[in-house]
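Novice:
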Amino acid sequence: MPAENSKTTYGTHASPGIPFAEFVIMIAALMALNALALDVMLPALPDIGAALNIENENDRQQVLVAYLIGFGAAQLFYGPISDCIGRRGILLGGLAVYSLASIGALMSDTLEHLLLARFIQGVGCAGTRVIAVSVVRDCFSGRQMGKVMSLVMMIFMAVPIIAPSVGQAILLMSNWHWIFSMLLVAGTVMLVWCWIRLPETLPREYRQRFDIQTILRAYAKTVTTRISFGYTLAITFVFGGLFSFITMSQQIFVDIFGLGVWFPLVFAGTAIAMSIASYTNSRLVEAVGMRRLSHIACLVFTACGITLYALAVAGIENLILFTLLSGSLMACFGFIGANFNSMAMEPLGDIAGTASSVIGFVTTLGGALLGYAMGQIFDGTTQPIGLAFSLYGLAALACILYAEGGTMFRTRHEA
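With the sequence shown counted from 1, adding 6 to any position gets you our numbering.
(1) Taking the straight line between their C-alpha atoms, what separation do you get for A421 and V229?
(2) Quick check: the Cα distance between Y408 and F273, rounded to an integer number of angstroms?
(3) Have a look at A374 and P86 and give me their C-alpha separation to the nearest angstrom.
(4) Alpha carbon to alpha carbon, how far is L178 from C200?
(5) If you check the beta carbons only, do G212 and T360 fall under 9 Å apart?
(6) From F341, I326, S140, pick the residue whose C-alpha is nearest to that of S281; which is it?
(7) Secondary structure at P22, three-state DSSP: helix, strand or coil?
(8) Quick check on I322: does DSSP put it in helix, strand or coil?
(9) Could you check how far apart the C-beta atoms of T207 and D144 are, in whole angstroms? I think they sit under 8 Å.
(10) Go through its chain and collect everything with a Cβ distance to F384's Cβ below 7 Å, but skip five positions before and after it.
(11) Mind checking I161: buried by the 16 CB within 10 Å criterion, or exposed?
(12) Which residue spans inside the stretch 269-325 form an unbroken alpha helix (DSSP H) run of at least 4?
(13) Would you report the Cα separation of F415 and F216, rounded to the nearest angstrom?
(14) Would you identify the three-state DSSP class for N181, choosing helix, strand or coil?
(15) Does the pairing of the stretch 280-298 with the stretch 230-239 give three or more beta-carbon distances under 8 Å?
(16) When the Cα of G392 is compared with those of T308, L112, D115, which residue comes out closest?
(17) Taking just the CA atoms, how far does I357 sit from A27?
(18) If you run the structure through DSSP and keep just helix, strand and coil, what is V423?
(19) By the DSSP assignment, the alpha helix (DSSP H) with G99 in it spans what residues?
(20) If you compare alpha carbons, which of N324, G355, I137 is closest to G100?
(21) Suppose contacts are defined by Cβ-Cβ distances below 9 Å. Is N345 in contact with N287 by that definition?
(22) Between L36 and chain D, is there a C-beta pair that is closer than 9 Å?
(23) Can you give the beta carbon distance from I278 to V158, rounded, assuming they're within the 8 Å contact cut?
(24) Check this for me: beta carbons of S171 and L39, under 9 Å apart or not?
(25) So, do the stretch 120-132 and the stretch 243-251 have three or more beta carbon pairs nearer to each other than 8 Å?
(26) Where does K13 sit, in a helix, a strand or coil, going by DSSP?
(27) From A111 to A123, what distance separates their C-alpha atoms?
(28) Taking the beta carbon of W182 as the centre, do at least 16 other beta carbons fall within 10 Å, making it buried, or is it exposed?
(29) Is Q389 helix, strand or coil when you go by DSSP?
(30) Does the separation of the CB atoms of L42 and A72 fall below 9 Å?
(31) Less than 9 Å between the C-beta atoms of G343 and V244, yes or no?
(32) For Y315, I'd like the list of residues in its chain whose CB is within less than 6 Å of its CB, leaving aside the five on either flank, ordered along the chain.
(33) When the Cα atoms are used, what is the spatial distance from D115 to V368?
(34) Could you check whether R135 and I77 sit closer than 9 Å to each other, using their CB atoms as the reference points?
(35) I'd like the list of long-range same chain contacts for T15, defined as Cβ closer than 6 Å, with 5 residues on each side in sequence excluded.
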């Protein structure tokens with residue numbers, strides 16, 4: 007039997023306790039809090055830079071990166087704790103921190119205060135990411151988990167589609183501080199919904215002992231399991247390309263192509279491509295398999311990145327071409343993200359919380375740093391983003407080959 011179809015003792019011991027449709031929407035909404043906190047800020051970066059006297063335009067990216075660092079680093083700790091004491095309490099605590107940090111950001115009047123609030127907001131939202139994936143792994147495994155995560159990603163992608171437009175609408179009516187009022191409302195709504203409707207999904211008999219040795223063994227298992235570590239690194243590089251695009255998108259679409267207030271609409275178009283791809287993946291993954299879909303997508307991702315870079319080097323910076331290639335790259339991510347994450351988690355069902363933490367820590371923090379590195383070399387052309395997609399796509403392909411022992415499109419055992 008193919009490895010991605012196999013079931014373990016774990017992933018079948020819990021029930022979501024709520025209707026399947028509500029479960030998928032709830033998990034998607036929890037994960038969307040992260041995308042909302044990032045993408046809603048994009049139209050506001052020039053206003054924030056002007057209000058807080060940020061002289062270097064590339065330094066405005068710190069508002070995004072501070073959040074991502076908090077979000078990435080904190081994930082390392084949420085998982086082991088949730089494996090020991092359960093998911094529900096950690097989730098509610100993370101949502102409370104996210105909401106309180108939104109108040110702090112709302113009241114910020116200096117760059118330092120805003121960056122601190124954003125860092126803490128990321129720390130709070132890290133709990134929602136770790137617990138959301140852990141809860142799915144508690145209840146599902148194999149291709150079924152891949153299907154659930156694809157449906158989650160499909161709904162989740164509605165947020166990047168509308169978030170920049172929401173941010174732009176707020177700016178037309180008020181100042182950038184009020185964006186954080188909206189994030190406060192979103193965090194509070196999710197806190198109340200999960201408190202009322204989401205039960206505990208990790209029974210006491212499946213919880214880990216809370217001691218350093220147990221936690222270190224779980225960390226070690228995550229990074230020494232070849233499949234898990236290989237796909238974790240692959241996701242990291244793909245995220246590096248995605249975060250490069252997010253950090254540079256406002257400067258590319260507004261400064262290079264002169265879109266102004268129309269930037270959110272074009273950005274939404276690229277996000278729609280990712281959402282459609284995620285839905286398509288959810289329909290195909292059980293029949294075709296996670297490896298075939300995601301490996302082909304990673305090859306196309308890399309090819310599109312190389313094409314984008316070649317066009318930029320040749321001086322061909324056309325809005326239509328750039329948008330089409332960007333949409334294609336985002337569509338590839340729709341086939342990559344859920345499948346790579348599911349394959350990385352599959353061998354680690356007995357330590358799902360810790361595994362989700364380590365994977366989230368490496369992919370988010372690593373991706374954020376890779377994206378920030380490319381964002382800092384933005385030079386008024388599309389060459390840096392083309393370079394990011396090209397290099398990170400090639401690196402992701404190398405990680406796939408490592409994970410699968412030199413094969414693609416199928417497991418080593420099938421080969």
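Beta carbons are placed, not taken as given, at the ideal position from N, Cα and C, and that holds for glycine.
Specialist: On the basis of the coordinates in this document:
(1) At A421 the pLDDT is 46, less than 50, meaning the model places this residue with poor confidence and gives no usable figure here.
(2) Taking the straight line joining both Cα atoms gives about 34 Å.
(3) When rounded, the distance between both Cα atoms is 23 Å.
(4) L178 and C200: Cα-Cα distance of roughly 32 Å.
(5) For the sequence presented, residue 212 should be read as Tyr rather than Gly. For the 9 Å CB-CB criterion, Y212 and T360 do not form a contact.
(6) Of F341, I326, S140, the smallest CA-CA separation from S281 is found for F341.
(7) It is coil, neither helix nor strand.
(8) DSSP places I322 in the coil class of the three-state scheme, outside both helix and strand.
(9) About 4 Å separates the CB atoms of T207 and D144; that is less than 8 Å, so the two are in contact.
(10) Excluding residues within five positions, the ones whose Cβ falls inside 7 Å are N64, M254, Q257, P390.
(11) With 16 or more other CB atoms across the displayed protein chains lying within 10 angstroms of its CB, I161 is buried.
(12) Complete alpha helix (DSSP H) runs here, min 4: 269-294, 296-319.
(13) Those two C-alpha atoms are separated by around 39 Å.
(14) In the structure shown, N181 falls within a coil segment according to DSSP collapsed to helix, strand and coil.
(15) Taking 8 Å as the limit for Cβ pairs, the verdict is that the stretch 230-239 does not touch the stretch 280-298.
(16) Answer by Cα proximity: T308.
(17) Rounded to whole angstroms, A27 and I357 show a C-alpha spacing of 26 Å.
(18) This structure cannot settle anything about residue 423, because the visible part of the chain is limited to 7 through 421.
(19) Boundaries of the alpha helix (DSSP H) around G99: 94-112.
(20) When each option's Cα is compared against that of G100, the closest is I137.
(21) Contact: yes.
(22) Annotation note: the requested chain D is absent from the structure, which comprises a single protein chain.
(23) Your pair I278 and V158 does not check out as a contact, with CB atoms roughly 17 Å apart and the cut at 8 Å.
(24) Not in contact: S171 and L39 (Cβ atoms no closer than 9 Å).
(25) With the rule of 3 Cβ pairs closer than 8 Å, the stretch 120-132 does not count as touching the stretch 243-251.
(26) Low confidence applies here, because K13 scores a pLDDT of 37, under 50, leaving its location unreliable; read the following figure in that light. Here K13 sits in coil by DSSP.
(27) Cα-Cα distance, rounded: 5 Å.
(28) The residue in question, W182, is buried, as its Cβ has 16 or more Cβ neighbours within 10 Å.
(29) Helix, per DSSP.
(30) Not a contact, by the Cβ cut-off of 9 Å.
(31) Yes, the Cβ-Cβ distance between G343 and V244 is below 9 Å.
(32) Cβ within range, chain order: G392, L393, S396.
(33) Approximately 32 Å between the Cα atoms of the pair.
(34) Sequence check: residue 77 is Phe here, not Ile. A contact, by the Cβ cut-off of 9 Å.
(35) Annotation note: pLDDT 41 at T15 (below 50); position unreliable, no value reported.
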